[in-house]
Amino acid sequence: MDKPVWTYHFLDNTTFILGNNKNAGKTTFMNLALNRVREVVTPAFLSIGIDGEPLDLIDGRTKPQIRTLCGDILVTTYPMIQKSEGKYKLLKVFPYHTVLGQLVIAETLRAGCIELVGPENNTQLTEVIAYLKGVLGCKHIIIDGAANRKTPLSSIDNSGFFYVFQANKRTLNKVLETCRLLSYCASLPTYNPKTELDPYVVEGAFTTNKLNKIPIEYDIIVIDNLSSVFITYKQLIRLSNYKKLMVKKQFSLHAFVAILKDIDIRELKERFKKNNIKEELIINPYVN
Numbered sequence: 005m006d007k008p009v010w011t012y013h014f015l016d017n018t019t020f021i022l023g024n025n026k027n028a029g030k031t032t033f034m035n036l037a038l039n040r041v042r043e044v045v046t047p048a049f050l051s052i053g054i055d056g057e058p059l060d061l062i063d064g065r066t067k068p069q070i071r072t073l074c075g076d077i078l079v080t081t082y083p084m085i086q087k088s089e090g091k092y093k094l095l096k097v098f099p100y101h102t103v104l105g106q107l108v109i110a111e112t113l114r115a116g117c118i119e120l121v122g123p124e125n126n127t128q129l130t131e132v133i134a135y136l137k138g139v140l141g142c143k144h145i146i147i148d149g150a151a152n153r154k155t156p157l158s159s160i161d162n163s164g165f166f167y168v169f170q171a172n173k174r175t176l177n178k179v180l181e182t183c184r185l186l187s188y189c190a191s192l193p194t195y196n197p198k199t200e201l202d203p204y205v206v207e208g209a210f211t212t213n214k215l216n217k218i219p220i221e222y223d224i225i226v227i228d229n230l231s232s233v234f235i236t237y238k239q240l241i242r243l244s245n246y247k248k249l250m251v252k253k254q255f256s257l258h259a260f261v262a263i264l265k266d267i268d269i270r271e272l273k274e275r276f277k278k279n280n281i282k283e284e285l286i287i288n289p290y291v292n
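Below, the structure written as structure tokens:
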């Protein structure tokens with residue numbers, strides 16, 4: 005069977021899997037992606053936070069487990085390596101101590117389920133990815149992101165992401181608002197200081213407070229990247245009507261992954277088209 009086109013976005017890339025809320029389906033999608041990628045190359049993978057535990061530590065729900073196969077490269081903590089039924093070779097021990105132990109990189113020698121514990125901040129994440137790429141030569145890195153957090157994207161240059169969301173009739177409008185904001189931000193041109201002179205640069209998080217303080221005399225507004233946008237889609241579009249918007253750093257939005265409940269697939273596709281969301285839409289990928 006031919007692999008879906010979206011599989012190839014994970015090859016030769018560092019790819020985040022982000023989501024609109026807790027239990028949106030990020031880890032399940034990562035498991036699916038890992039299985040697809042393993043048909044072609046050996047992946048490296050990690051989490052922002054904790055993933056693969058049998059039960060959610062907060063609400064007690066059953067969680068999807070993460071199975072690692074021989075040759076996989078993964079990031080977790082040493083106690084998670086010890087409790088797994090798999091067998092591993094330690095490749096790097098970092099000086100970071102999380103609440104669940106010391107962070108390590110390991111290669112899987114015997115398959116097993118593993119709980120992932122990831123870097124606790126963006127600085128650690130940058131150093132871990134740099135080691136995976138620069139020292140170990142990992143080219144195909146998948147990162148299971150934290151719920152409703154986009155800021156880790158800014159740590160890794162030239163990375164891309166999938167956005168996983170759950171939606172029902174009650175939440176669809178809110179989800180669409182987020183999707184069209186992401187889609188619009190991902191389409192903004194990258195700022196070039198050689199050709200775009202005298203811009204107004206919004207440093208850090210782009211909030212409503214900073215929006216209201218933009219001087220009227222500037223024609224070009226430069227923001228850090230899409231992960232720094234904390235205003236609404238309507239606010240951003242209103243600003244774009246009389247200012248040229250650009251980003252310092254851009255990331256590839258590969259696709260939206262929709263997990264639907266009581267919503268007709270045709271309705272979602274029509275709503276995406278109506279809202280000018282042009283990225284690939286992957287719907288209920290876990291259903292055969």
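Under the numbering used here, the first residue of the sequence shown carries the number 5, and numbering increases by one thereafter.
Glycine residues also receive a C-beta, built at the ideal position from the N, C-alpha and C atoms.
Asked, Found
"Check each candidate in Gly53, Thr31, Ser187 and name the one with the smallest Cα separation from Gly105.", "Gly53"
"To test your reading of the DSSP string, which unbroken beta strand (DSSP E) runs of 3 or more residues are found completely within the segment 244-283?", "248-251, 256-264"
"Between Phe98 and Val108, what straight-line distance do the alpha-carbon atoms span, to the nearest angstrom?", "6 angstroms"
"Kindly indicate which residue of Gly122, Glu89, Leu36 has the alpha-carbon position closest to the one of Pro156.", "Gly122"
"Please state whether DSSP places Gly164 in a helix, a strand or coil.", "strand"
"Mark Lys278 as exposed unless 16 or more other C-beta atoms lie within 10 angstroms of its C-beta, in which case mark it buried.", "exposed"
"Do we get a CB-CB distance below 8 angstroms when we pair Pro83 with the residues of chain B?", "Judged by its chain identifiers, the structure shown contains no chain B, having just a single protein chain."
"Kindly list the residues whose CB is nearer than 7 angstroms to the CB of Pro193, restricted to its own chain and excluding five residues on each side of it in sequence; keep chain order.", "Met250"
"Using 8 angstroms for Cβ pairs, my map puts Trp10 next to Ile286. What's the rounded Cβ distance?", "6 angstroms"
"Find the nearest neighbour of Lys198 within the set Lys252, Thr18, Leu36, Asn17, judged by alpha-carbon distance.", "Lys252"
"From what residue to what residue does the beta strand (DSSP E) around Tyr188 run?", "Counting along the chain, Tyr188 falls outside any beta strand (DSSP E), though it belongs to the alpha helix (DSSP H) covering 176-190."
"Using CA coordinates, which residue listed in Thr80, Asp228, Pro8 is at the minimum distance from Ser158?", "Asp228"
"Taking 7 angstroms as the limit between beta carbons, can you name the residues of its chain near Ile235, skipping five residues before and five after?", "Phe210, Thr211, Thr212, Leu215"
"Quick one: give me the first and last residue of the beta strand (DSSP E) that Pro99 is part of.", "91-102"
"Helix, strand or coil, according to DSSP, for Leu59 in the structure here?", "Summary for Leu59: the model assigns pLDDT 49, below 50, so the residue's position carries little reliability; its value from the coordinates is reported in the next sentence. Leu59: strand per DSSP, three-state reduction."
"Leaving out the 5 sequence neighbours to the left and right, which residues in its chain are closer than 6 angstroms to Glu284 when beta-carbon positions are compared?", "Ala259"
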